[in-house]
Every structure is written in C-alpha cells, then in structure tokens.
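Here's the structure, in structure tokens; my notes come after.
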Amino acid sequence: MKRVFSGVQPTGNIHLGNYLGALKQFVELQDDHECIYCIVDEHAITVPQDPKALREHILDVAALYLAVGVDPKKSIVFVQSDVPGHAELGWVLTCQSYTGELSRMTQFKDKSKNKESAPTGLFTYPVLMAADILLYDTDIVPVGNDQKQHIELCRDIATRVNNKYKKTFVIPEGRYLKEGARIMALDDPTKKMSKSAENIHSRISLLDDPAKIKKSIMKATTDSDGVVKFDVENKPGISNLLNIYSVLSGISVEDLEAKYEGKGYGDFKKDLVEVTVEALAPIRSRYEEIRHSEELIEILKDGAQRADAIAQKTMARVKDHFGLGLGR
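Under the working numbering, think of the first position of the sequence shown as 1082, with each following residue one higher.
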C-alpha cells in the first residue's frame, strides 16, 4: 500500500476549512493506504505559545483526529516532537534549501508583511514540513490547496538531494480536495477561513454548538441579488456556502443550484444550518467521549513508537548518504 502522511497544528479548535480541506481526506485514505497522521507541535512554536495551553491543544487535536474517524488501528497518530527525526532531518534539509526559494513562499510573505523582522522559524518552517513528509518515505500528502506551494518545495528539495547524493527520498505527491478544498471566511469570502480571525462568526469550528453554527451561517456574507448560483468572482459569499453544503451533504453544486432555483438565501441558509449541525454532531459527541481519557494518551504513545521506528530507518539512510556520523 502507498504511504500517506499529513499533520495539523495544535493552535486552537479545528474549523470546517481544516476538516473539509484535510481531515476528511485522512479518513477516506486510511482504508486502502498506510497512513501516518501527526500533530505538528514544533510548527506551532514559530509564533509565541503558552506552554500549558499548547499541551491542551495537542490533546484537543488528537481527540479530534479520532472523533472525525481516524482509526488508530489502521493509522499511526502521534505528536511530532515525540519523534526526534523531524527536527534532525529538518536541519539536514535546511542545509539543502536556499533563501531565495524560501523567501518566495506566499505564507511567509503574508505573515511577515509590514514587519521589519520575522522569526527565523517562520521563514524555515516549510523545510521542517518537507522533513515531516520525507522522514516517512511518503507517497501521498493530503492537504488543502493553500499548501500546494509547500508540497512543490518539498518535492524540489527531495529531487535536489536525490540528484546530488544517492537516491535518498521518495518524491511525494499532493492530494488536493477538488470541491470545497478552499473554504473561505463566512464574514469575508475573499479570505481563507482562519482560526485566528477576531470575528468568531467568520468560521465554524468542529466543536461549535448548534446555536453558534446557526448564528454564524445566518450572518454569513452573501450579496443582494438573492440567486443561489455558484460564481466565485461575482458571488464569492454564496459560492463559499455552496461549497460547504456540497461537501457536507454529498450533493453536487449543480444539483444544489437546481434545488434552490427560485428560492431565496433564507431557505438556503436554513437548510445549510441543518446539514452542518447534522454532520458535526457525531464528531462533537465522540470528542467529548475521548478527550480526557487514558485511551487517548496510550494511542499517542503507541503512535510515537511506531512512527519513530520508521523515522530511524530513514535517518540511518540519510546519514549514510550524507556521510554523517561514524557510519555502520
């Protein structure tokens, strides 16, 4: 079976964009792939974190992995910093990357905009992301469309190393969700849905209660013509809601347009509330069941051991090809 790797940062509650862009794929892939899913806490410290809150968020995300349907018997679930190979390979790959290609990363440019200086980790974290992927001889990386540039950087670095040394790395492929991959903010559909946005109604988090979900959807920005039609350029708000509705319900955007022909946004939003509440209810229930359990801790410990066994084999190969250490 082909091997899959992906990870999510432990920075607050996971929202609908994270779920539809990545986590939904995690579950779909685990039945016929060897899957490795990580909580990437080393990425989280590119910005200041409260240590106690970070530890809680690590467990929050781990519980949400399981709540959305990731099965630890089929997949490896672990915390990034519990496997030393991530940081170790990150340094090796930093030495194989260039400031020019890192400075072109769109997310770095956005996050460092109007700042005289930015944390070095913010600049180099795409290399750590490449290390996360290459450490496990990954074939497929399921991520949102916004990560395409980082996947291409990973492939470029891996190819560079393979051309310079012996064949060291598997060249991974990104797997991107076609419909609904890029879920936008409910209050400003020109911006991506974000955990850090000040307006809590700009997003729907997986653990939101039905009242919060209803309020956020009913307040969502649309337009004045009242026609339920997919047109990202001229109708970004309703197009975003159609994407969400389609992915959660399994009904195509075209069928949704036909269903709501002649109806206004009020009927459409009311139905979307019901679809969203119904889709998220079992996730919230399972999360509450496992979040504070000893089972969760044991799953993460077992996952770290299994992941580390794979990582050590990769690092032995990397060190051999690079001439690091005393050799075998």
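We treat Cβ as the ideally placed atom computed from N, Cα and C, and that holds for glycine. All figures in this text were calculated on a predicted structure; none of them were measured in a lab.
Where residue i sits in the DSSP three-state scheme
i	result
Gly1139	The question names Gly, but residue 1139 in the sequence shown is Ile. DSSP places Ile1139 in helix when its eight states are reduced to three.
His1402	helix
His1332	The residue you asked about is not His; residue 1332 is Ile in the sequence shown. Coil, per DSSP.
Arg1084	strand
Ile1298	helix
Glu1197	coil
Glu1123	helix
Phe1250	coil
Ile1117	strand
Val1151	coil
Lys1344	coil
Pro1291	helix
Met1396	helix
Thr1357	helix
Gly1166	helix
Ala1239	helix
Thr1205	helix
Leu1145	helix
Asp1383	helix
Gln1106	helix
Beta-carbon separation (whole angstroms), residue i vs residue j, contact threshold 8 Å
i	j	result
Ile1380	Leu1287	Actually they are not in contact, since the Cβ atoms of Ile1380 and Leu1287 sit about 19 Å apart, beyond 8 Å.
His1282	Lys1296	6 Å
Gly1384	Pro1153	7 Å
Arg1236	Pro1253	7 Å
Val1309	Ile1298	That pair is no contact at about 14 Å.
Lys1155	Cys1116	7 Å
Val1151	Gln1106	Not really, about 11 Å apart at Cβ, beyond 8 Å.
Gly1088	Ile1264	Not confirmed; about 19 Å, so no contact.
Asp1348	Thr1302	The pair is not a contact, with the Cβ atoms about 18 Å apart (cut-off 8 Å).
Ile1294	Thr1357	5 Å
Leu1353	Tyr1326	5 Å
Buried or exposed by the 16-neighbour rule on C-beta atoms within 10 Å, applied to residue i
i	result
Asn1324	buried
Arg1185	exposed
Ser1374	exposed
Ile1378	exposed
Cys1176	exposed
Ser1277	exposed
Ala1292	exposed
Lys1350	buried
Leu1201	One point to set straight first is that residue 1201 is Thr, not Leu, in the sequence displayed. Exposed is the call here.
Ser1333	exposed
Leu1405	exposed
Glu1123	buried
Thr1127	buried
Ala1148	buried
Tyr1179	exposed
Asn1321	buried
Lys1133	exposed
Gln1386	exposed
Gly1166	buried
Gly1307	exposed
Pro1207	buried
Leu1407	exposed
Thr1092	buried
Ala1239	buried
Gly1098	buried
Thr1395	buried
Gly1255	buried
Beta-ladder partner(s) of residue i, from DSSP
i	result
Val1224	Tyr1257
Lys1316	Asp1312
Met1265	Lys1273
Ile1157	Ile1117
Val1089	Ile1120
His1096	Ser1286
Rounded straight-line distance, which links the Cα of residue j to that of residue i
i	j	result
Ala1266	Arg1284	6 Å
Asp1218	Asp1290	40 Å
Glu1260	Ala1339	Any reading at Glu1260 must be qualified, since the residue scores a pLDDT of 49, below 50, and its modelled position is unreliable; the value itself is stated next. Answer to the nearest angstrom: the Cα atoms are 18 Å apart.
Ile1214	Val1173	14 Å
Val1251	Asp1220	7 Å
Ala1143	Ser1330	25 Å
Arg1241	Gly1171	15 Å
Tyr1100	Asp1336	23 Å
Asp1141	Thr1205	26 Å
Glu1169	Arg1398	13 Å
Val1160	Val1108	18 Å
His1114	Ile1157	11 Å
Ala1388	Asp1163	9 Å
Ser1193	Glu1359	39 Å
Asn1315	Leu1183	34 Å
Ser1366	Asn1094	15 Å
His1138	Ala1212	23 Å
Gln1090	Leu1234	19 Å
Asp1191	Gly1225	17 Å
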